[in-house]
Structure formats: structure tokens, C-alpha cells
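Please read the structure below before turning to the comments.
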Amino acid sequence: MFCGKCSLTIRCPFLPLNEISSFVTTRHFSTTLNVQMKKLIDSKRYRHALDIFDKQSHAADDFALNMALKACSNLPDYRRGLEIVRQLSPKSLNNPFIQTSLVHFYMKSGDLKCAIGLFNSIPVKTNPLYKTLFGGLISMKKSKEVLNLYEQNKMKLDEGVFVMVSKACSEICDDRAKRIGKLLIDDLPEDLKGSEKVMNSTIFMLMKFGNVDEAEKLFHQMKHKSIYTYGAMMKGYNDNKLLEKTLDLFETLPFVADEAIYAMVLSSCSQVRDGRARRIGKRLIDNLPEDLKDSENVMNSTIFMLMNFGNVDEAEKLFRQMKHKSIYTYGAMMKGYNDNKKFEKTLDLFETLPFVANQAIYAMVLSSCSQLTNDRARRIGKQLIDNLPEDLKGSEKVMNSTIFMLMKFGNVDEAEKLFHQMKYKSIYTYGAMMKGYHDNEMFEKVLDLHVNMPRAVDEVMHTILFSTCTRLSNDRALQTGKELLRKMNKSYYNNNIVITSAIHMLMKFDLVNDAERLFRQVKTKSALTYHAMINGYSQLDELDKCFQLFDQMKSDQIVPNEVVFLSMIGVCAKIAIRSVSQSVANQLPSHMKSSRNIQTALISMWGKSSSIEKSREVFESLDDPDMVTYSSMINAYGLNGMGVEAVELYRRIPSDLCNEVVNVCALNACSHAGLLNECRHIFDQIPHKTTKIVTTMVDCLSRLAMFDEAESIIEDYEKTNPPSSAMYTALLSGARNVRDSNLSNRIYKKMQQLFPDEKNTLIAGSVLLSNIYSSIGDHHRAEDIRTNRIKQFGYNVKVGLSWTSVNNQLVRFKAHDHSHPQSKEIYEELQRLSCELREHGHIFDSSWITRPVKEDETVESVLCGHSEKLAIAFNFIQQPPPSIIQISKNLRVCGDCHAATKLITKMRRCEIIIRDANRIHHFSNGECSCQDHF
1 MFCGKCSLTI
11 RCPFLPLNEI
21 SSFVTTRHFS
31 TTLNVQMKKL
41 IDSKRYRHAL
51 DIFDKQSHAA
61 DDFALNMALK
71 ACSNLPDYRR
81 GLEIVRQLSP
91 KSLNNPFIQT
101 SLVHFYMKSG
111 DLKCAIGLFN
121 SIPVKTNPLY
131 KTLFGGLISM
141 KKSKEVLNLY
151 EQNKMKLDEG
161 VFVMVSKACS
171 EICDDRAKRI
181 GKLLIDDLPE
191 DLKGSEKVMN
201 STIFMLMKFG
211 NVDEAEKLFH
221 QMKHKSIYTY
231 GAMMKGYNDN
241 KLLEKTLDLF
251 ETLPFVADEA
261 IYAMVLSSCS
271 QVRDGRARRI
281 GKRLIDNLPE
291 DLKDSENVMN
301 STIFMLMNFG
311 NVDEAEKLFR
321 QMKHKSIYTY
331 GAMMKGYNDN
341 KKFEKTLDLF
351 ETLPFVANQA
361 IYAMVLSSCS
371 QLTNDRARRI
381 GKQLIDNLPE
391 DLKGSEKVMN
401 STIFMLMKFG
411 NVDEAEKLFH
421 QMKYKSIYTY
431 GAMMKGYHDN
441 EMFEKVLDLH
451 VNMPRAVDEV
461 MHTILFSTCT
471 RLSNDRALQT
481 GKELLRKMNK
491 SYYNNNIVIT
501 SAIHMLMKFD
511 LVNDAERLFR
521 QVKTKSALTY
531 HAMINGYSQL
541 DELDKCFQLF
551 DQMKSDQIVP
561 NEVVFLSMIG
571 VCAKIAIRSV
581 SQSVANQLPS
591 HMKSSRNIQT
601 ALISMWGKSS
611 SIEKSREVFE
621 SLDDPDMVTY
631 SSMINAYGLN
641 GMGVEAVELY
651 RRIPSDLCNE
661 VVNVCALNAC
671 SHAGLLNECR
681 HIFDQIPHKT
691 TKIVTTMVDC
701 LSRLAMFDEA
711 ESIIEDYEKT
721 NPPSSAMYTA
731 LLSGARNVRD
741 SNLSNRIYKK
751 MQQLFPDEKN
761 TLIAGSVLLS
771 NIYSSIGDHH
781 RAEDIRTNRI
791 KQFGYNVKVG
801 LSWTSVNNQL
811 VRFKAHDHSH
821 PQSKEIYEEL
831 QRLSCELREH
841 GHIFDSSWIT
851 RPVKEDETVE
861 SVLCGHSEKL
871 AIAFNFIQQP
881 PPSIIQISKN
891 LRVCGDCHAA
901 TKLITKMRRC
911 EIIIRDANRI
921 HHFSNGECSC
931 QDHF
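The sequence shown begins at 1 in the UniProt record's numbering and counts up by one.
Structure follows, in C-alpha cells:
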């Protein structure tokens, strides 16, 4: 052949002219196909690329086949991909590019077996092949396999392999992953230290490991940082809950924030929620670039932030302005409504949802229904259950939310049925059942489930179980609670909620030493931990310890929160001494004084401390009293014997605020003031007479010894309701006041028949009955009742205690107490008082002695040893003696002490205020405000 270019004759193999023409044409078509397919693949037009491939497959070379496989991987179209695989020649199958694309195709199609089989059959494996396999394994949640392969093969580190292996380490984040991650960093070749992708991946991995300091050090060392580097740092800060640092970094960002940065910073603002976060959040919204206003991710994050700020109106406005809303946008709105307690709005939005509800939507709507529990919520909840898609019936989150909702509706049987049908139950499923049983007061079932649970108890369950044991307060509960504590993971000692519930339980069982030991073991104490102890001491009438702990808390630099102050106000209400109450009220921070809970508690405290003017002052400062504050004020009047004022306030209450509690307080105030006609009038006007309302009316009649009418009301009530032990206790208490042993005996026997399982009720009834027999001098019968009670229930009689305050020091006495350093002076003063009382005609009433008088005792010595008399004598030995004495008692004041105190105020020309378990007695000039209705 002659070459015209160089004038040389070249010998070449002979080819027929038609074959030369065909070869040139094929190469031309192949090149054209490759160019077209690459262009379409780069622009993500995968289906169009395959259409062209199908038309020109006769001209496809390895490059085109490779492009076609990539298109199938990205669609994904497994069937079409397999057709292309069948077209591959042995030579093509040995092409490293096609091998890599094939592994990618199998991975994207979820065919792990074929991907691994192909990978293992390739003798010479390239780094791109490893990178592809690793990426597929990570996407299939098999990051451990990546680390296995990496450690087995020890391939040379390049950028792609490093990124994938570090990502796998980040995903697993266990000790092994951290070891491999450290080796990756230590063995990093010099040429990769300038790679932005490698450095960003390293930062991401270190942040996932919690090595924030190392990530920051690397970040500061990097000479060239891109927006993705800042993104990696911000994500790391967010994941490590260092949200303020995210905002710090954002404010130094030298780039225009992209979509990812916007979403992360909005998320940080959502969680920080302070003034700075709100300012940055507002700036982000105001300066949002036009191209990001169509970003669903940014818009959803903005809605989420606004909802977290409580700016519901702004979130709604943004939602309405959005042209394109996805199911995630609706989800962001629903979550915001739920977080802001606007559950009806969640249901409104759900009923207009233009998408098929997904798992998250189902869970949120079920949660809203659980919170509302009204007819609409029940209807929607039933609709959700009836129309639950098959794919969601295997969703643990949806099933747990459904159980929770059914339990809130009180549909325990349906919840149990669903629980038994579930094939896979996680610890959260058991937790939902336990909480449901607990909330429905089926406490034994909580313990039954705990016994049969195949999983270890987590922190939430510990809290539920401790609370259950507290509520049950029986032997089984005690043993369960002790066993839980014995086996409890030591790490839970730093969980304030778990420890708080455990302390509550121990205090309920009167295991004070155990509670104190547990309290000491907690290294980092919070206001919540202190509150648990204060509350426990208060329940056990260890009121002086409450103040000691309150002082210790402040010494430990722990600021008392509202809950602690509410407990301390409650303690002051129990002590009922003005000076003590004032000392705590003076420590209230100004911002708490506007809290409705604090205001209500103060009304109650001042009322019980006989400072009715201060109660009224707090009440009248309220612009819009609610039913709770009305109840507190009426109760304060009632305790102080101001029945007329209580009724006047009751008449002023708007009808929509007159609930059961308000009615009970008004009836009780009438009862304590002996206002029978007013009590009857209020009772007759109440349309729905609940158990508590009827009980209060029975109490009023029993105090006035109108037993026939009281029993008639009980009989009418029991025609449509189960018997109430509280009504019979009120009846028995009234019989005790008039020393009617026959009526008392008949009532107690009926209580034994009707309430055989109500241990505390029968103990209280037994104490009243034995006291009645003691009061009429039948000590033998009284002792028999006492002996039987101890044999049946144990020694559970509450010890009588009295408190008083002198020179800002709280002092506690029990009967015949000799523990005080000034006991000698106290008993000498008691002797003087006894003499004066006899001289003024007082006869010590033996009917108030509830046990046999011992040989070395007299009626006078027994009665003078009562705790309230000791407190009175203690006040009189002070110099100068106080003109007003305040005493608080945890039981009802006895009749002899009541009569003696009236006379003492006349003899010593002083005022004595005693708050007992029932009411406040204002003694002055030989009279008592209760007019002997106590």
C-alpha cells in the first residue's frame, strides 16, 4: 500500500474493501454512542441513556456497557441490568472498570450474594473495586464487614479507601472501630494529608468518636478549608450536643452558607433556644437566599426551629407560603404542634394530609390522640388502627405508640391483645405496657410483666417500677424494690430521675436510712435529688430535716427550683407557724412569685399558718383565679373557721370553674364551722354528687351527731355506687366524738365486711374504735382491739408530734418527750400549769386516754405529757414569754388538750394557735374559734 504522507510503500495485510468500511463505521457509531451516553449519565438522565443503548447495542464497546450498568444501578433497574450482564463477553468481564460497575450494580440492587461472589472471583482487586464494595456494604448497614475486609487485605491507602473505611469506623464507633480509626490516622501517607476529602472524613470520624479536641486541633491545622470542612465540624458539634460551638463556628464562617449549613445551624438554634439562638435564627430567616427558599430541607428545619421557639403562628405562616410540601413538611408541623401541646391542631392537619401517612406521622398522630383522649381522638385513633397498612404492622414504633394510646384510653384489654400478637417486642414495648398498667393503676400487673420480661430493665423501667412499688406499698412491692436496687447498674446513680423515684420508694416504706445512704452515694446531686429527700422527710413528718437539707442544698451551690420551693412551702404549711413560713417566703426569687403554682401554694401555706390576711392578699393579686386558687382560698377560710367567708367566696365563683374540688372545699368549710343549712343548700345544688362530695356531707352530719341522716345519705349513694370506705370512716369519727360505742362497733364491723383488703382504712377504724372504748373506761375491750390490730396489721399507729418555733428555731415534741436539753424546765412549767388549771376548775378528762394508766402514772401525768402541752410549756419558759404561741400537730388535738388550752389563754392572757390534722384552732380569752366543732 502506498502512503502519500511520507512517500513510503507499506506492506500491510490484505483486507477486503467492504470489511474496512464496516470496521470504520462501527468505530464511528461506538464513539458517538459513548459520547451520548456519558453526557446523559452525567446529567442523570439514566432512562434516556438506556433507550439509546438499546437502539445502538450492536455498536456498544466496554465503555458503553459500563455506562449502561451505571444507569441501571442509579435507576435502579435490576431486570434490565441482568440483561446487560448477559451481553458481557469474557473479555469484558475481565475489564476492571466493568467489574467495579458490576459490584456497584449488585450492591445498589440489594444482591449482596452476587456482589460478594463476583468480588471474590476477581484475582487482582483494585482500590476502586474495594471502595465500591465498601460503599455498598456501608449503605446496607454492614460496616463491620468493611472493617473485616480492610484488616484481612491490608490494601494500600488511597483517598477513596480511606474515606470509606473511616466512614465505617464512624458508623460502628466501638472500641475496635476506634482502634482502626486511630491506625488510619497514624498510617496516613503524606500525599493524602493535603486531601480535603481525607481531612473532612477524619474530622467526621473523630467527632463521631467524641474526640472533639482532636477534631478541633486538626481543623485549626488545615491550611485549606472548604465549606464542607466547616460542615463536618458543625455536624460534629451538633452530634456531641455542643450546640453553642456550632453557632460560634457559624458566626466565623468565611463562605456563603449552603443548604446543609443552614439546616445544621437552624437545628442548633432549635435546641439552644436562648436569646442568641433566637437572634441567629431570625437572621437566617431574614437573609435566606432565594435559591434556598425552595429547599425542602431548609424550610422544614425553619419550621422545626420556629415551633421549638414557640412561634407557632410564624411556623404556620411559613407552612402556608410553601408551594411544595412533602410528607416531611407535614411531619415537622405535627411535631411542632405536639411539642407545643396543640394536639387538636395535629389532628386538624392529619385530617387534611394529602399523602399516605408514614411511620413518623402515624406515631405523632397516635401520640396526639393519647394526650387528648376525647371523643374525636378516640375516633381517629380507632380509624388509625383499623386502616393500618400492612408494612406498618411490623413497625415497632407504630405498635408501641398504639399500645400507649390504647392504655391512655383505658382500653387495657386491646393493648394486651396487641402486645401478645407482636412477634418482636423491644424493651420499649415492655416499657409502653408497664407505663400503661401504671397509669391505669394496675400495679400488680406491672410487677407481673417485670417478672416475665426476657430483657434487662433500663432506666425508664426502673423509674416505672420504683413508682409502682411506691404506690403498692405491700410486701411484694418492698421485696421487688429492694431487688431492683441491689441489681441496679451503677451508672444509673447519675440519673436523677431514677434516683429520685428510688428515694421516693424507700421513704414510702419508711426506709429512711437506706434513702439517706442512696442520697449520699449520688456524686452529682441536683435540685431533683434534694427534692426527693425533702419530700420524703415531709411525708414522714421529719420536718426539721427538711430545713436542714434545704440549707445544705444552698451550701452546695445548688439553686432551689420551683419544685423544691413548692415542697418547702408544703413543709411550712405542715408546720403552720407564721415565722417559719415567712422565712421561706422571703427566699422566693422574684420570678417565681408570678408562678400560679407558687401563688396557689402560698395561699394554702398562709391559710394553714393562720395568716388569713396574707392568703387573701395573694388571692386578690390574681387577675384570673382558676378553680385551684379558688379551692385553696376557700379551704384557707374553712381551716380557720371562717365558714361564712368561705361560702361568700364560693357564691362568687363562675359556674364553669365549680368542679368537684371547689365543691368539696366549700362543704368542708361549712362542716368545720357547723353551718349545716348552708352545707345542705350547697349539697342539694350540686348536680353530680361524686364520692368525695357525698363523703364531705356525711362528715358534716356526723360532726353534728346526725347519724340517721348521714346513714340515709350513704344508703342512697350505695343504690347506684359501690361502698366508699371514706364515708364509713367519717361516720365512725363522728361516733367517736360523742363516745357512742354501740354505733361505733356496728360501723366498724360493717367496714370489715365491706373493705377487707383496705389495710389502712381498717387500721384507722380500729384506732378510733379502741379510743372510743378507752374514752368510756372500757380499757380491757380497747386493749383487745389494739392487740388484734397489731396481730393483723403490725404496729402501724402514727406517733403524735407537735412543732413550735422559738427564736427562729424549730422544735419538735412527742408525747412524754424528755429529749430536749431543757426538759427539766419544761416539766417544771407543766407542773405549774397543771396546778393553775386545777385552781381554775379544770378536771383532767380520763376519757381521752387511749391506753391503761400504769401504776406509776396518774390521769393528770398522762394527759400533761401530750406533745401539744409540752410545746405550750416550752414557750412559757422563754424570756420574755411570747404573747402569741403557734403550734402544729400531725394528729387531731385531744379533747382534754383543747379544753386546757382554752383555759390557759385566759389564765396567762395570751393567744395560742394550734393547727391539727383537721383544722386551725385560734384560742383566746378562754374560747376557741372552732366553737368545739373539731
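Ideal placement from N, C-alpha and C gives every residue a C-beta, glycine not left out. Being a predicted model, the structure only gives us computed values, none of them experimental.
Is the beta carbon of residue j closer than 7 angstroms to that of residue i?
{"i": "N200", "j": "Y228", "result": "yes"}
{"i": "L649", "j": "I634", "result": "yes"}
{"i": "V312", "j": "A263", "result": "no"}
{"i": "I285", "j": "S610", "result": "no"}
{"i": "T468", "j": "S501", "result": "no"}
{"i": "S774", "j": "S867", "result": "no"}
{"i": "L184", "j": "S166", "result": "yes"}
{"i": "F876", "j": "T905", "result": "no"}
{"i": "L810", "j": "I785", "result": "no"}
Taking the continuous beta strand (DSSP E) assigned at residue i, which residues delimit it?
{"i": "E911", "result": "E911 to R915"}
{"i": "K125", "result": "Element bounds for K125: n/a, residue is neither H nor E."}
{"i": "K889", "result": "I884 to K889"}
Identify the continuous alpha helix (DSSP H) that holds residue i and give its terminal residues.
{"i": "Q479", "result": "D475 to K487"}
{"i": "H220", "result": "V212 to Q221"}
{"i": "R379", "result": "D375 to D386"}
{"i": "S834", "result": "S823 to E839"}
{"i": "Q685", "result": "L676 to Q685"}
{"i": "S426", "result": "Neither: S426 is in no alpha helix (DSSP H) and is coded neither H nor E."}
{"i": "S770", "result": "K759 to S775"}
{"i": "S401", "result": "E396 to K408"}
{"i": "W606", "result": "R596 to K608"}
{"i": "T229", "result": "I227 to D239"}
{"i": "G281", "result": "G275 to D286"}
{"i": "F209", "result": "E196 to F209"}
Nearest CA to the CA of residue i: which residue from the options?
{"i": "K325", "options": "L349, I41 and G865", "result": "L349"}
{"i": "V738", "options": "A673, H933 and I598", "result": "H933"}
{"i": "D54", "options": "K44, Q87 and P76", "result": "Q87"}
{"i": "D62", "options": "P90, K44 and H48", "result": "P90"}
{"i": "E483", "options": "F404, A257, M505 and L754", "result": "M505"}
{"i": "L903", "options": "N925, A917 and I884", "result": "N925"}
{"i": "S538", "options": "N807, T524 and S567", "result": "S567"}
{"i": "G275", "options": "L292, F309, E290 and T302", "result": "F309"}
{"i": "L206", "options": "H224, L243, K182 and K197", "result": "K182"}
{"i": "E251", "options": "S270, Y230 and G481", "result": "Y230"}
{"i": "V103", "options": "P589, V862, R45 and L137", "result": "L137"}
{"i": "V451", "options": "L465, E441, E459 and V460", "result": "L465"}
{"i": "C173", "options": "K144, H840, N148 and E196", "result": "K144"}
DSSP three-state call for residue i: helix, strand or coil?
{"i": "Q587", "result": "coil"}
{"i": "S924", "result": "strand"}
{"i": "N321", "result": "Looking at the sequence provided, one finds Gln at residue 321 rather than Asn. Looking at Q321 - three-state DSSP - the assignment turns out to be helix."}
{"i": "D932", "result": "coil"}
{"i": "V811", "result": "strand"}
{"i": "A705", "result": "coil"}
{"i": "V559", "result": "coil"}
{"i": "V265", "result": "helix"}
{"i": "V522", "result": "coil"}
{"i": "L801", "result": "strand"}
{"i": "V859", "result": "helix"}
Classify residue i: buried if its beta carbon has 16 or more other beta carbons within 10 angstroms, exposed otherwise.
{"i": "P625", "result": "buried"}
{"i": "N760", "result": "exposed"}
{"i": "I843", "result": "exposed"}
{"i": "H438", "result": "buried"}
{"i": "H28", "result": "Low per-residue confidence applies at H28: pLDDT is 48, beneath 50, and the placement is therefore not dependable, though the value from the model is reported in the following sentence. Classification for H28: exposed."}
{"i": "D77", "result": "buried"}
{"i": "I884", "result": "exposed"}
{"i": "S139", "result": "exposed"}
Just to confirm, does residue i get its C-beta within under 6 angstroms of one of the non-hydrogen atoms of the ligand NAD?
{"i": "L118", "result": "Annotation note on the ligand NAD: not contained in the displayed structure, which lists no ligands."}
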